[in-house]
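J.:
In UniProt numbering, the protein residues as written are 1 to 322.
So, in structure tokens, the structure goes:
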């Protein structure tokens, strides 16, 4: 049975299903085997054989003659409706692919970042990206900590930009920028003009810090605990701009990262480096391991750090560089 002519034709047809379907669609569209053969650059007998093979495969007549024109039967009409999008899609695949490649600059890009990153670090990068990729719809998701990582893991964003203390095993972190820790006080505060600062000098004054769940609070607490120096928190509040305003009002002192200090701040605040006790903070790119980055995402990453997409040591899990 397997060696019968019918089985051989059936096997051969299944090995190349597109050709008979293409021939059938052209005949159904043009109403003529000769015109279909001309459109396909085939001989008329070749088109006829492909139609016969298709009818044998499906077990029904697909075309009938109406005057001088071939028209689809009821079954042929059904097949034409099903096959035409497939044939046209495959025939146009190369052209559509080239068009899609040319249009890779269009589309969407979703980036997760905290308020400080969006406000102080990203404006220049976003401006450069918009100038080069004006067709891309860029969405900055203002999230911090676990919320940003959850978005990254669920593909709610393409990548994240920010600071990390510990790098989970399923993520990569490429530190790009480093900023010193700074003590900020009102200009007339006793610590503003003190010649030498010690960690103990901060103890009598209440600190204004971000909420406990954020990296800054954790880092401040760790340093004071390691040095066995007591400290008090006068106020917990989110956002560097709010913290700076409250310090300027004399409601407390704070330990911030130099990323948030502008020229205007130096008119209303005194700033002293605390690099002797606190590590510098790195800001960089966070990506999910194994995630395929779109052309838009790669372009954004390369604006921040071209080398970030190359395999490096930071792809390993563990503690980030601090």
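Don't be surprised by glycine CBs; every beta carbon is placed ideally from N, CA and C. Since we're looking at a predicted model, the values are computed, not measured.
Considering residue 242, what are the terminal residues of the alpha helix (DSSP H) in which it resides?
T.: As a first step, residue 242 is located in the chain shown; it is residue number 242 there, counting from the start. Run containing residue 242: 240-248, per the alpha helix (DSSP H) assignment.
J.: Just to confirm, is the Cβ distance from residue 247 to residue 186 under 8 Å?
T.: Counted from its first residue, the chain shown places residue 247 at position 247. Counted from its first residue, the chain shown places residue 186 at position 186. Yes. Within cutoff.
J.: Residue 286 and residue 152 - do their beta-carbons sit closer together than 8 Å?
T.: On the chain shown, residue 152 is found 152 positions in, with the first residue counted as 1. On the chain shown, residue 286 is found 286 positions in, with the first residue counted as 1. Cβ distance < 8 Å, so residue 152 and residue 286 count as in contact.
J.: Following the continuous alpha helix (DSSP H) through residue 125, name the residue where it begins and the one where it ends.
T.: Taking the chain shown and counting its residues from 1, one reaches residue 125 at position 125. Taken as a continuous stretch (DSSP letters only), the alpha helix (DSSP H) holding residue 125 covers 123-132.
J.: Taking DSSP as the reference, what is the three-state secondary structure of residue 392?
T.: Past the boundaries of the shown model lies residue 392; the chain is included only from 1 to 322, so the question cannot be answered.
J.: Which residue or residues does DSSP assign as beta-bridge partners of residue 208?
T.: Against the chain shown, residue 208 aligns to sequence position 208. DSSP lists 235 as partners of residue 208.
J.: How would you label residue 289, buried or exposed, when you count the other beta carbons within 10 angstroms and need 16 or more for buried?
T.: For the purposes of this step, residue 289 is taken as the residue at position 289 of the chain shown. Per the 10 Å Cβ criterion, exposed.
J.: Take residue 199 and list the residues in its own chain whose beta-carbon comes closer than 8 Å to its own, dropping the five residues that flank it on each side.
T.: Within the chain shown, the letter at position 199 stands for residue 199. Cβ neighbours of residue 199 beyond the five flanking positions: 223, 224, 227, 229, 277.
J.: Would you please state the rounded distance, in angstroms, between the beta carbons of residue 284 and residue 173? I believe it to be under 8 Å.
T.: The sequence position of residue 284 within the chain shown is 284, counting from 1. The sequence position of residue 173 within the chain shown is 173, counting from 1. Yes, they are in contact, since the Cβ atoms of residue 284 and residue 173 sit about 6 Å apart, within 8 Å.
J.: Are residue 129 and residue 300 touching if we call contact CB-CB under 8 Å?
T.: Position 129 of the chain shown holds residue 129. Position 300 of the chain shown holds residue 300. Yes, they are a contact pair.
J.: Count the other CB atoms, across all protein chains shown, that sit within 10 Å of the CB of residue 154; report buried if there are 16 or more and exposed otherwise.
T.: Position 154 of the chain shown, counting from 1, holds the residue named residue 154. Looking at its Cβ environment, which holds fewer than 16 other Cβ atoms inside 10 Å, residue 154 is exposed.
J.: Looking at the unbroken alpha helix (DSSP H) that takes in residue 217, where does it start and where does it end?
T.: Taking the chain shown and counting its residues from 1, the one referred to as residue 217 is at position 217. Note, residue 217: alpha helix (DSSP H), 215-226.
J.: Just to confirm, are residue 303 and residue 253 a CB contact at a threshold of 8 Å?
T.: Translated into the one-based positions of the chain shown, residue 303 becomes position 303. Translated into the one-based positions of the chain shown, residue 253 becomes position 253. Going by C-beta atoms, residue 303 is not nearer than 8 Å to residue 253.
J.: Quick one: what's got a C-beta closer than 7 Å to residue 213's C-beta in the same chain, skipping five residues either side?
T.: For the purposes of this step, residue 213 is taken as residue 213 along the chain shown, with counting starting at 1. Only 145 meet the Cβ criterion.
J.: Mind checking which residues open and close the beta strand (DSSP E) that includes residue 262?
T.: Stepping through the chain shown from its first residue, residue 262 is reached at position 262. Where residue 262 is concerned, there is no enclosing beta strand (DSSP E), given that its DSSP letter is neither H nor E.
J.: For residue 7, count the other beta carbons within 10 Å of its own beta carbon; 16 or more makes it buried, fewer makes it exposed. Which is it?
T.: For the purposes of this step, residue 7 is taken as residue 7 along the chain shown, with counting starting at 1. Note that residue 7 has pLDDT 44, beneath the 50 cutoff, so the model's placement of it is unreliable and the number below is only indicative. Counting Cβ neighbours within 10 Å, residue 7 comes out exposed, since fewer than 16 surround it.
J.: Which same chain residues, not among the five before or five after residue 75, have their C-beta less than 8 Å away from its C-beta?
T.: Working through the chain shown from its first residue, we reach residue 75 at position 75. Cβ neighbours of residue 75 beyond the five flanking positions: 58, 60, 61, 62.
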